[in-house]
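Asks: Convert by adding 3 to the 1-based position in the first sequence; the result is the number in my numbering. Ideal Cβ positions, reconstructed from N, Cα and C, are used throughout, including at glycine. Take a look at this one; I'll ask things after.
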Amino acid sequence: MKIASWNVNSIRARIEHVKRFLARQSPDVLLMQELKGEVFPAEIFEPLGYHSAAVTQKTYNGVAILSRTPIEVACTTLPGDAEDSHARFLETRIGGLRIANIYSPNGNPPGSDKFLYKLAWMDRFFIELHHWLADGIPTLIGGDFNVIPEDIDCHKPSSWMKDALFQPEPRQRYRDWLAMGYTDAFRHFHPEERDQFTYWDYFRRAFETNRGIRIDHFLLSPSLVARAQSCVIDREPRTEEKPSDHTPILLDLN
DNA sequence: ATGTCGCCTCATAGGCGA
Numbered sequence: 004m005k006i007a008s009w010n011v012n013s014i015r016a017r018i019e020h021v022k023r024f025l026a027r028q029s030p031d032v033l034l035m036q037e038l039k040g041e042v043f044p045a046e047i048f049e050p051l052g053y054h055s056a057a058v059t060q061k062t063y064n065g066v067a068i069l070s071r072t073p074i075e076v077a078c079t080t081l082p083g084d085a086e087d088s089h090a091r092f093l094e095t096r097i098g099g100l101r102i103a104n105i106y107s108p109n110g111n112p113p114g115s116d117k118f119l120y121k122l123a124w125m126d127r128f129f130i131e132l133h134h135w136l137a138d139g140i141p142t143l144i145g146g147d148f149n150v151i152p153e154d155i156d157c158h159k160p161s162s163w164m165k166d167a168l169f170q171p172e173p174r175q176r177y178r179d180w181l182a183m184g185y186t187d188a189f190r191h192f193h194p195e196e197r198d199q200f201t202y203w204d205y206f207r208r209a210f211e212t213n214r215g216i217r218i219d220h221f222l223l224s225p226s227l228v229a230r231a232q233s234c235v236i237d238r239e240p241r242t243e244e245k246p247s248d249h250t251p252i253l254l255d256l257n
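Right under this line is the structure:
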């Protein structure tokens, strides 16, 4: 089972990119983030053999899942704050797995209300992860986590020191999730590998010079680790015309 | 501070979020 995750930075602007990715990689499941629009074009993907489920809002955020097999939607909001209307969370069941798609808050600049929202969102997600461990359903979480886990996950730590994605508080929360028992799939297969990124700024020729960060992740519950065969970053979509600033990660599961 | 995208509107330029 091949599962991919990709922050497309507007589904409308990236339809042709996504179609090319599906044709080339033929994933069984694709998680997408930052749809940036109220309407999700499910009709585009049906003829290509994909079921879909989406959580959207106007202008901002938005997450969707494509799957070759039917999707059962379990939850469309992150529990813990009834006032929270951001489209950032989609929990599903696909083929006996819990597959959750998240778009964790960016939180810039540090110290702002947006930063506090990021930390609160991550605290709420911790509680959800805790419940999921307890119920024993094999669980895969994928998405844009907006966290640079370790120094080797960015080209140059000093350039990210003032960025919300690199602050001690969100990084500690990500480590708490790992300490709870979840495995960062990419690091599981590439424990020491440097210069492996999923996001590059549009400016300053960041992609051409590989000055990026690794912020798109797959987390595996303990029961899934032995079933994971590989986890790689596919840089090809980032080389195309008018690309998203992110590129997909891919997980192969037995 | 800046660079570059994509979205939206008190819309064809500028603000916001990333």
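Among Lys39, Pro73, Gln199, which one has its Cα closest to the Cα of Gln60?
Replies: Start at 1 with the first residue of the first sequence, and residue 60 comes out as number 57. Cα-wise, what sits closest to Gln60 is Lys39.
Asks: If we require 3 or more residues per run, which beta strand (DSSP E) segments fall completely within the region 203-227?
Replies: 219-223
Asks: Could you give the residue range of the alpha helix (DSSP H) that holds Ser162?
Replies: Indexing the first sequence from 1 puts residue 162 at position 159. Run containing Ser162: 160-163, per the alpha helix (DSSP H) assignment.
Asks: Could you give the DSSP three-state label for Gln232: helix, strand or coil?
Replies: Mapped onto the first sequence, residue 232 falls at position 229. Three-state result, Gln232: strand.
Asks: Return yes when the Cβ of Leu136 is within less than 8 Å of the Cβ of Gly184, no when it is not.
Replies: Taking the first sequence and counting its residues from 1, the one referred to as residue 184 is at position 181. Taking the first sequence and counting its residues from 1, the one referred to as residue 136 is at position 133. For Gly184 and Leu136, yes; Cβs fall inside 8 Å.
Asks: Under 8 Å between the Cβ atoms of Ala167 and Asn213?
Replies: In the first sequence, residue 167 corresponds to position 164, counting from 1. In the first sequence, residue 213 corresponds to position 210, counting from 1. Between Ala167 and Asn213, the CB-CB gap reaches or exceeds 8 Å.
Asks: Could you give the DSSP three-state label for Leu69: helix, strand or coil?
Replies: If you number the first sequence from 1, residue 69 lands on position 66. In this structure, Leu69 counts as strand in the three-state DSSP scheme.
Asks: Just to check my reading of the structure: Thr201 and Ile252 have Cβ atoms closer than 8 Å, yes? What is that Cβ distance to the nearest angstrom?
Replies: Position 198 of the first sequence, counted from the start, is the residue given in the question as residue 201. Position 249 of the first sequence, counted from the start, is the residue given in the question as residue 252. Sure, about 6 Å apart at Cβ, within 8 Å.
Asks: Go ahead and pull the three-state DSSP assignment for Thr242.
Replies: Position 239 of the first sequence, counting from 1, holds the residue named residue 242. Secondary structure at Thr242: helix, using DSSP grouped into helix, strand and coil.
Asks: With DSSP collapsed to three states, give me the class of Tyr185.
Replies: Within the first sequence, numbered from 1, the residue matching residue 185 stands at position 182. It is coil, neither helix nor strand.
Asks: DSSP puts Ile97 in a beta bridge; with which residues?
Replies: For the purposes of this step, residue 97 is taken as residue 94 along the first sequence, with counting starting at 1. Looking at the DSSP assignment, Ile97 forms a beta bridge with Leu100.
Asks: Can you tell me whether DSSP reads Leu168 as helix, strand or coil?
Replies: Position 165 of the first sequence, counted from the first residue, corresponds to residue 168. Helix at Leu168.
Asks: May I ask you to list the residues that DSSP assigns as paired with Ala56?
Replies: Locating residue 56 in the first sequence gives position 53, where the first residue counts as 1. Bridge partners of Ala56: Ile68.
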